């Protein structure tokens, strides 16, 4: 089992602040995905990073895949209350393989 | 877009009874679906892989006789929690991968409370 450790586990910040959350492993991944889960809902796919060193932007969210493809980070600029949720990373190798999620980062953005 | 529908969204049952949760792929076929369990403020824990027309594959530590999975059609998988007890109370979520999506689509989850 590929264990993905996410940090921090919990994060509470004021609206407008910036933040970064991390997803780390000792394993190399062909690609890695980030999901966001809002309370009482299922996770929603945000992005897939594939190439080592790749940076993808989704509005105020910036995702980076480590050069060695073992880790990833998510940076949120000027956080909004709508960013509140549980952020999950997961390795993805394509196909219909099972997905094992990281430990998760619970983000709370306070107005 | 592809939608996975899960029903019911909430259920309360008495200890000792069984509860069935349905997971449907609404506009795509899914030969494989996944069932997860989630405790408060925790990540999703994979329980089993549901395979259309064959037996489910359970993760280590998941009781197959407690959590019965049936995937009788290409659009429906069911999870039955048998002889439920309060410790089975949790948030259960299913997922499937639409062919055109490079990733998984999740249902909205089922909040099970056993009293």
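Residue numbers (our numbering), protein chains in the order written: chain Z, 1 to 111; chain V, 112 to 226. Using N, Cα and C, we set each Cβ at its ideal position, and we do this for glycine too. Computed from a prediction, not measured in an experiment: that's the story for all the values here.
Fill in: As assigned by DSSP and simplified to three states, the class of residue 198 of chain V
The residue given as residue 198 of chain V occupies position 87 in the second chain. Helix, per DSSP.
Worksheet item: What is the rounded straight-line gap between the Cα of residue 149 of chain V and the Cα of residue 180 of chain V?
Response: On the second chain, residue 149 of chain V is found 38 positions in, with the first residue counted as 1. On the second chain, residue 180 of chain V is found 69 positions in, with the first residue counted as 1. Looking at the two C-alpha atoms, the distance is approximately 17 Å.
Item to complete: Look up residue 83 of chain Z in the DSSP assignment and say whether it is helix, strand or coil.
Response: Numbered from 1 along the first chain, position 83 holds the residue referred to as residue 83 of chain Z. Three-state result, residue 83 of chain Z: helix.
Worksheet item: Can you tell me where the beta strand (DSSP E) with residue 192 of chain V in it begins and where it stops?
Response: As a first step, residue 192 of chain V is located in the second chain; it is residue number 81 there, counting from the start. That run of the beta strand (DSSP E) goes 187–192.
Discussion item. Just to make sure I have the definition right: I need the residues of chain V whose C-beta is within less than 7 Å of the C-beta of residue 48 of chain Z. Which are they?
Written reply: In the first chain, counting from the first residue as 1, residue 48 of chain Z sits at position 48. Neighbours of residue 48 of chain Z on chain V, chain order: 213 and 214.
Worksheet entry | Per-residue contacts from residue 129 of chain V into chain Z (C-beta, under 7 Å) | The residue labelled residue 129 of chain V in the question sits at position 18 within the second chain. Going along chain Z, no residue has its Cβ under 7 Å from residue 129 of chain V, so there is no contact; the nearest lies around 23 Å.
Worksheet item: Mind checking if residue 96 of chain Z is an interface residue toward chain V, Cβ cutoff 7 Å exclusive?
Response: As a working mapping, residue 96 of chain Z is identified with position 96 in the first chain. Yes, residue 96 of chain Z counts as interfacial toward chain V.
Worksheet item: Counting contacts by CB-CB distance shorter than 7 Å, is residue 172 of chain V in contact with chain Z?
Response: Here residue 172 of chain V is taken as the residue at index 61 of the second chain, counted from 1. Chain Z, which has no Cβ nearer than 7 Å to the Cβ of residue 172 of chain V, makes this no.
Discussion item. Out of Z:17, Z:4 and Z:69, which one is the CA nearest neighbour of residue 77 of chain Z?
Written reply: Here residue 77 of chain Z is taken as the residue at index 77 of the first chain, counted from 1. For residue 77 of chain Z, the closest alpha carbon among the candidates Z:17, Z:4 and Z:69 is that of Z:17.
Worksheet item: Is there a Cβ from chain B that is less than 7 Å from the Cβ of residue 45 of chain Z?
Response: Absence of chain B from the displayed structure is noted, the protein chains being Z and V.
Worksheet item: What is the DSSP secondary structure of residue 145 of chain V, counted as helix, strand or coil?
Response: If you number the second chain from 1, residue 145 of chain V lands on position 34. Residue 145 of chain V: strand per DSSP, three-state reduction.
Item to complete: Look at the alpha carbon of residue 198 of chain V and the alpha carbon of residue 127 of chain V, and state the distance between them as a whole number of angstroms.
Response: On the second chain, residue 198 of chain V is found 87 positions in, with the first residue counted as 1. On the second chain, residue 127 of chain V is found 16 positions in, with the first residue counted as 1. Distance between the alpha carbons of residue 198 of chain V and residue 127 of chain V: 12 Å.
Fill in: Residues that residue 109 of chain Z contacts on chain V, provided the C-beta gap is smaller than 7 Å
Numbered from 1 along the first chain, position 109 holds the residue referred to as residue 109 of chain Z. Near residue 109 of chain Z there are no residues of chain V at all, since even the closest Cβ is about 16 Å away, more than 7 Å.
Item to complete: Please list the partners that residue 186 of chain V has in chain Z, where partner means a Cβ-to-Cβ separation under 9 Å.
Response: For the purposes of this step, residue 186 of chain V is identified with residue 75 of the second chain, where counting begins at 1. Under the 9 Å cutoff, chain Z gives no residues; its nearest Cβ is about 15 Å from residue 186 of chain V.
Worksheet item: Taking all protein chains shown into account, do 16 or more other C-beta atoms lie within 10 angstroms of the C-beta of residue 160 of chain V, making it buried, or fewer, making it exposed?
Response: Along the second chain, one-based indexing puts residue 160 of chain V at 49. Buried: at least 16 other Cβ atoms inside 10 Å.
Worksheet item: Terminal residues of the continuous beta strand (DSSP E) containing residue 48 of chain Z?
Response: Residue 48 of chain Z sits at position 48 when you count from the first residue of the first chain. From DSSP, the beta strand (DSSP E) with residue 48 of chain Z extends over 44–49.
Worksheet item: In chain order, what residues of the same chain lie with their CB nearer than 8 Å to the CB of residue 58 of chain Z, ignoring the 5 residues before and after it?
Response: What you label residue 58 of chain Z is simply residue 58 of the first chain in a count that begins at 1. 46 and 47.
Worksheet item: What distance in whole Å lies between the Cβ atoms of residue 114 of chain V and residue 138 of chain V, which are believed to be in contact at a cut-off of 8 Å?
Response: As a working mapping, residue 138 of chain V is identified with position 27 in the second chain. As a working mapping, residue 114 of chain V is identified with position 3 in the second chain. Indeed, because the Cβ distance is near 6 Å, the residues count as touching under 8 Å.
Item to complete: Since I believe residue 218 of chain V is in contact with residue 134 of chain V (beta carbons under 8 Å), could you give me their beta-carbon distance rounded to a whole number of angstroms?
Response: Start at 1 with the first residue of the second chain, and residue 134 of chain V comes out as number 23. Start at 1 with the first residue of the second chain, and residue 218 of chain V comes out as number 107. With 8 Å as the limit, residue 134 of chain V and residue 218 of chain V qualify as a contact, their Cβ atoms being about 5 Å apart.
Worksheet entry | Against chain Z: residues of the region 128–151 of chain V by CB proximity under 7 Å | 143 and 145
Worksheet entry | Reference residue 39 of chain Z, options Z:69, Z:24 and Z:106, closest by Cα | For this step, residue 39 of chain Z is matched to residue 39 along the first chain. Among Z:69, Z:24 and Z:106, the Cα nearest to that of residue 39 of chain Z belongs to Z:106.
Discussion item. Against chain Z, does residue 178 of chain V count as a neighbour if the rule is that its beta carbon must be under 7 Å from one of theirs?
Written reply: By one-based count along the second chain, residue 178 of chain V stands at place 67. Chain Z contact via Cβ: absent.
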